[in-house]
Amino acid sequence: MSTTTVAGRMGALARTELILLGRSRATIVAAVIVPLFLPFSVRSAVDEADLKEAGLSVGTLLLPAAVGFSLLFAVYAALTTAYVTRREELVLKRLRTGELRDREILIGAALPATGIGFTQSVLLAAGCMALLDLGAPSAPHLVLLGLLLGLVMCGALAAVTAAFTRTAESAQVTGLPLMFLSMLGSGITVPLEMLPDRLASFCELLPLTPVITLVRGGWTGDLSGYDALGAVATALAWTVIAVFAVRRWFRWEPRR
Amino acid sequence: MNRDGHEHVIEVTDLKRVYGGGFEAVRGITFSVARGEVFALLGTNGAGKTSTVELLEGLAPPSEGRVRVLGHDPYEERDTVRPRTGVMLQEGGFPAELTVAETVRMWAGCTSGARPVGEALETVGLGKRAGVRVKQLSGGERRRLDLALALLGGPEVLFLDEPTTGLDAEGRRETWDLVRALRDGGTTVLLTTHYLEEAEELADRLAILHEGRIAAGGTPDEVTSAQPSRISFELPDGYFLGDLPALGELGVVGHEVDGRAVRLRTHELQRAATGLLVWARDAGVELRRLDVRPASLEEAFLGIAGRASALAARKEEVGA
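Keeping their order, the protein sequence lines are chains A and B. Residues are numbered in the working numbering as their position in the first sequence, beginning at 1, plus a constant of 473. Residues are numbered in the working numbering as their position in the second sequence, beginning at 1, plus a constant of 19.
(1) Would you say A:Thr-570 lies against chain B (beta-carbon separation less than 8 Å)?
(2) Quick one: any contact between the stretch 223–232 of chain B and the stretch 258–275 of chain B, if contact means 3 or more CB pairs under 8 Å?
(3) Between B:Arg-97 and the rest of its own chain, which residues show a CB-CB distance below 8 Å, the 5 nearest in sequence each way excluded?
(4) Can you pull out the residues from the stretch 540–572 of chain A whose beta carbon lies closer than 9 Å to at least one beta carbon of chain B?
(5) If I measure Cβ to Cβ from B:Val-337 and keep anything under 6 Å in the same chain, skipping five residues before and after, which residues do I get?
(6) May I have a chain-ordered list of the alpha helix (DSSP H) segments no shorter than 4 residues that lie completely inside the stretch 227–281 of chain B?
(7) Against chain B, does A:Ile-492 count as a neighbour if the rule is that its beta carbon must be under 8 Å from one of theirs?
(8) Can you give me the Cβ contacts of B:Glu-219 inside the same chain, cut-off strictly under 6 Å, excluding the 5 residues immediately before and after it?
(9) At least one CB of chain A closer than 8 Å to the CB of B:Lys-35: is that the case?
(10) Please determine, among A:Ile-578, A:Leu-624, A:Val-716, A:Thr-533, the residue with the shortest C-alpha to C-alpha distance to A:Ala-599.
(11) Less than 7 Å between C-beta atoms, sequence neighbours within five positions excluded: which residues of the same chain meet that for B:Val-86?
(12) For B:Ala-292 versus B:Val-272, is the C-beta distance shorter than 8 Å?
(13) Is the CB of A:Thr-638 under 8 Å away from at least one CB in chain B?
(14) By the criterion of Cβ-Cβ separation under 7 Å, what are the contact partners of B:Arg-101 in chain A?
(15) Around the Cβ of A:Leu-649, are there at least 16 other Cβ atoms within 10 angstroms (buried) or fewer (exposed)?
(16) At a cut of 8 Å, does the stretch 163–180 of chain B reach the stretch 116–129 of chain B through at least three beta carbon pairs?
(17) Give the DSSP-derived three-state secondary structure of B:Asp-33 in the structure shown.
(18) When you compare the CB of B:Trp-126 with every CB in chain A, is at least one pair closer than 8 Å?
(19) Mapping the DSSP letters down to three states, classify B:His-91 as helix, strand or coil.
(20) Quick check on the DSSP output: what are the complete alpha helix (DSSP H) runs of length 4 or more inside the stretch 98–144 of chain B, in order along the chain?
(21) Can you give me, in chain order, the residues of the stretch 84–108 of chain B that have a beta carbon less than 7 Å from any beta carbon in chain A?
(22) Name the chain B residues whose beta carbon is nearer than 9 Å to that of A:Ser-475?
(23) Check this for me: beta carbons of B:Val-176 and B:Thr-104, under 8 Å apart or not?
(24) Starting from the C-beta of A:Glu-726, find all residues in its chain whose C-beta is less than 8 Å away, skip the five residues before and the five after it, and write them out in chain order.
(25) Taking beta-carbon pairs under 7 Å, can you tell me which members of the stretch 166–193 of chain B lie near chain A?
(26) List, in chain order, every chain A residue whose beta-carbon is nearer than 7 Å to that of B:Ala-149.
(27) Please look up how many angstroms separate the CB atoms of A:Arg-639 and A:Arg-728, rounded, as I've assumed it's under 8 Å.
(28) Using DSSP with H/G/I as helix, E/B as strand and the rest coil, what is A:Cys-676?
(29) Skipping 5 residues on each side, what residues in its chain have a beta carbon closer than 7 Å to that of A:Ile-580?
(30) Would you check if the stretch 292–311 of chain B and the stretch 198–216 of chain B touch, i.e. whether three or more CB-CB distances between them fall below 8 Å?
(31) Using beta-carbon positions only, say whether A:Ala-715 and A:Val-646 come within less than 8 Å of one another.
(32) Using a Cβ-Cβ cut-off of 7 Å (strictly less than) and excluding sequence neighbours within five positions of B:Gly-24, which residues of its own chain qualify?
(33) Mind listing the chain A neighbours of B:Ala-120? Cutoff is C-beta to C-beta under 7 Å, in chain order.
(34) Which residues of chain B have a Cβ atom closer than 7 Å to the Cβ of A:Gly-481, listed in chain order?
(35) Between the alpha carbons of A:Leu-679 and A:Phe-542, how many angstroms are there, rounded?
(36) Applying a beta-carbon distance threshold of less than 7 Å, which residues of chain A neighbour B:Ala-115?
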């Protein structure tokens, strides 16, 4: 008898989620199209003179913003909706009766969205380098580390949000606080360098801030080893909290 | 192994399930199912059937007591148990936008020893619907898709939660035939149902659950034989109950009179019926609306679950 493997089971689930993602027009628009165009809205919002003062260029402004939008829309929002929809369709309950373990279900279902987020970020980086004469990153390992931490964290935060969301429609609302907070306070639309100091040091503690900090700092090379370590610690702390919250509160069946 | 030499595939001992709010859905039940047996958990809605089956499926740990499936704890030792069990939940649980074939393919990727997709669909009569989206299936077709997934890995133990709810008469017959064929092939089947007929048709043994406890259990014959048989008729004009032969001598253990309608209960149906009919012949009267009925599972169920809930179950059956 052929026995299933962890990779085989998660692969089967990921393939299914990818098919479903391709069949939902709303998800394609929100997860694939929106993050590709949103960064350009940031461009017009920031004055060039202020940028220079903060030691940034158009490229190092837009690229982290693009990664941030991709994480928020393609990963966080899309995945929250997917988790809630599968739970309400009783798909999660059915999956749990089989050989898939709980964490395989959550990770397997997250693979397409995180894959899209990763691909999008790479494409956007390539685009920024080609169109905005952005140089190669000074510390590519920090950029990559930031992106990977961001993908894992957004996946975990999506599962937490899904735990507190009753229907797929309301997922568009329950995700808003984190999305707004991140766009405004995590250096996506406004770089932290341009915020008042006290506000900036509070914003450093937001979940997506360390991710953006690592991507931007990794590119400019302005990030000290101490600051990089701090960012990684903050990102890991949020991820651990999110994973704990999922284990504690995630619901596998609709509320009756 | 039990003393008959039959391996017990499912063993449940003093099982309890208490939900977060303190509601006791299962209040200490004990039963076992031998290999190759069809076992039915019967009960009205809210009797604790699904709560029990979920514990057997290993979806949650029991609050108290013990569950063993194929000799293992289905919750703690899921890696050992899951590849050998098949589960059909009360409600589907398929992504609406997936086709039938895609649904089976996905499940096959997560199931040890899965059969080919086409073959699995043929077994449940969905071969021609492979390319159809799940959202376009009828309720009955969805039940059959669910059954196809439960059978996909050729399980040794099959859990069916209300397998024929929502099926028409033909679909129900087909599912019954399939369950019987599986049993003949050596599969152990535990099913829940609130259709008395289904339990009578399929079950080698059954347990009637009521308010989280087993109110009666055994083979259908054992359960029904504890119940009295029934004779009902209308008294001929001008006759009264006292004109009948002494009821005690006929083996009648109880009676009800409603206007001219009489209902007798007895554990000796032949003796009581013969006595009554001989009396009628000798008296030269006709017993109109004569109905002689051996004890049935329905009687047992009525006796246990109370008239109101049994009537509700029967209404549902008629309505389905």
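Cβ atoms here follow ideal geometry from the backbone N, Cα and C, with glycine treated the same way.
So, to answer that:
(1) Start at 1 with the first residue of the first sequence, and residue 570 of chain A comes out as number 97. Yes, because at least one Cβ of chain B sits closer than 8 Å to the Cβ of A:Thr-570.
(2) no
(3) Here residue 97 of chain B is taken as the residue at index 78 of the second sequence, counted from 1. Excluding sequence neighbours, B:Arg-97 sits near Gly-77.
(4) Thr-558, Arg-559, Glu-562, Leu-563, Val-564, Leu-565, Lys-566, Arg-567, Leu-568, Arg-569, Thr-570, Gly-571, Glu-572
(5) The residue given as residue 337 of chain B occupies position 318 in the second sequence. Confidence at B:Val-337 is low in this model, with a pLDDT of 49, below 50, so the placement of that residue should be treated as unreliable; the coordinate-derived value is given next. The beta carbon of B:Val-337 sits closer than 6 Å to no other beta carbon from its chain once the five residues preceding and following it are set aside.
(6) 239–244
(7) On the first sequence, residue 492 of chain A is found 19 positions in, with the first residue counted as 1. Yes, contact with chain B.
(8) Locating residue 219 of chain B in the second sequence gives position 200, where the first residue counts as 1. Within the same chain, B:Glu-219 has close Cβ partners Pro-239, Leu-316.
(9) Against the second sequence, residue 35 of chain B aligns to sequence position 16. Answer no: the Cβ-Cβ gap between B:Lys-35 and chain A never drops below 8 Å.
(10) What you label residue 599 of chain A is simply residue 126 of the first sequence in a count that begins at 1. Nearest C-alpha to A:Ala-599: A:Thr-533.
(11) As a first step, residue 86 of chain B is located in the second sequence; it is residue number 67 there, counting from the start. Cβ within range, chain order: Val-31, Leu-34, Leu-74, Leu-75, Asp-92, Pro-93.
(12) Counted from its first residue, the second sequence places residue 292 of chain B at position 273. Counted from its first residue, the second sequence places residue 272 of chain B at position 253. Contact flag unset, no.
(13) Residue 638 of chain A sits at position 165 when you count from the first residue of the first sequence. No, its Cβ sits nowhere closer than 8 Å to a Cβ of chain B.
(14) The residue labelled residue 101 of chain B in the question sits at position 82 within the second sequence. Result: Gly-571, Glu-572.
(15) By 1-based counting over the first sequence, the position of residue 649 of chain A is 176. With fewer than 16 other Cβ atoms within 10 Å, it is exposed.
(16) Counting C-beta pairs with one atom in each stretch, the stretch 163–180 of chain B and the stretch 116–129 of chain B have three or more that are closer than 8 Å, which means they touch.
(17) What you label residue 33 of chain B is simply residue 14 of the second sequence in a count that begins at 1. Of the three classes helix, strand and coil, the one that applies to B:Asp-33 here is strand, per DSSP.
(18) Taking the second sequence and counting its residues from 1, the one referred to as residue 126 of chain B is at position 107. B:Trp-126 counts as touching chain A.
(19) Translated into the one-based positions of the second sequence, residue 91 of chain B becomes position 72. Looking at B:His-91 - three-state DSSP - the assignment turns out to be strand.
(20) 119–128, 136–142
(21) Arg-101, Pro-102, Val-106, Leu-108
(22) Numbered from its first residue, the first sequence carries residue 475 of chain A at position 2. By Cβ distance, chain B contributes Ser-131, Gly-132, Ala-133.
(23) The residue you call residue 176 of chain B lines up with position 157 of the second sequence. The residue you call residue 104 of chain B lines up with position 85 of the second sequence. In contact: B:Val-176 and B:Thr-104 (Cβ atoms closer than 8 Å).
(24) In the first sequence, residue 726 of chain A corresponds to position 253, counting from 1. Taken in chain order, the residues that qualify are Arg-560, Leu-563, Leu-565, Lys-566.
(25) none
(26) The residue you call residue 149 of chain B lines up with position 130 of the second sequence. By Cβ distance, chain A contributes nothing, its closest Cβ being about 15 Å from B:Ala-149, past 7 Å.
(27) Reading the first sequence from its first residue, position 166 is the one you call residue 639 of chain A. Reading the first sequence from its first residue, position 255 is the one you call residue 728 of chain A. About 7 Å; that satisfies the 8 Å criterion.
(28) Numbered from its first residue, the first sequence carries residue 676 of chain A at position 203. Helix, per DSSP.
(29) As a position in the first sequence, residue 580 of chain A is number 107, starting the count at 1. Only Met-483 meet the Cβ criterion.
(30) no
(31) What you label residue 715 of chain A is simply residue 242 of the first sequence in a count that begins at 1. What you label residue 646 of chain A is simply residue 173 of the first sequence in a count that begins at 1. No, Cβ-Cβ distance for A:Ala-715 and A:Val-646 is not below 8 Å.
(32) By 1-based counting over the second sequence, the position of residue 24 of chain B is 5. Residue placement at B:Gly-24 cannot be trusted, given a pLDDT of 48 that sits under 50; what the coordinates show is reported in the next sentence. So the list is empty, once near-sequence residues are dropped.
(33) Start at 1 with the first residue of the second sequence, and residue 120 of chain B comes out as number 101. Chain A residues near B:Ala-120: none, gap ~11 Å exceeds 7 Å.
(34) Numbered from 1 along the first sequence, position 8 holds the residue referred to as residue 481 of chain A. For A:Gly-481, the C-beta contacts it makes with chain B under 7 Å involve Gly-128, in order along the chain.
(35) Within the first sequence, residue 679 of chain A is the residue found at index 206, counting from 1. Within the first sequence, residue 542 of chain A is the residue found at index 69, counting from 1. Here the alpha carbons of A:Phe-542 and A:Leu-679 stand approximately 15 Å from one another.
(36) One-based indexing of the second sequence puts residue 115 of chain B at position 96. Going along chain A in sequence order, the residues near B:Ala-115 (Cβ under 7 Å) are Glu-562.
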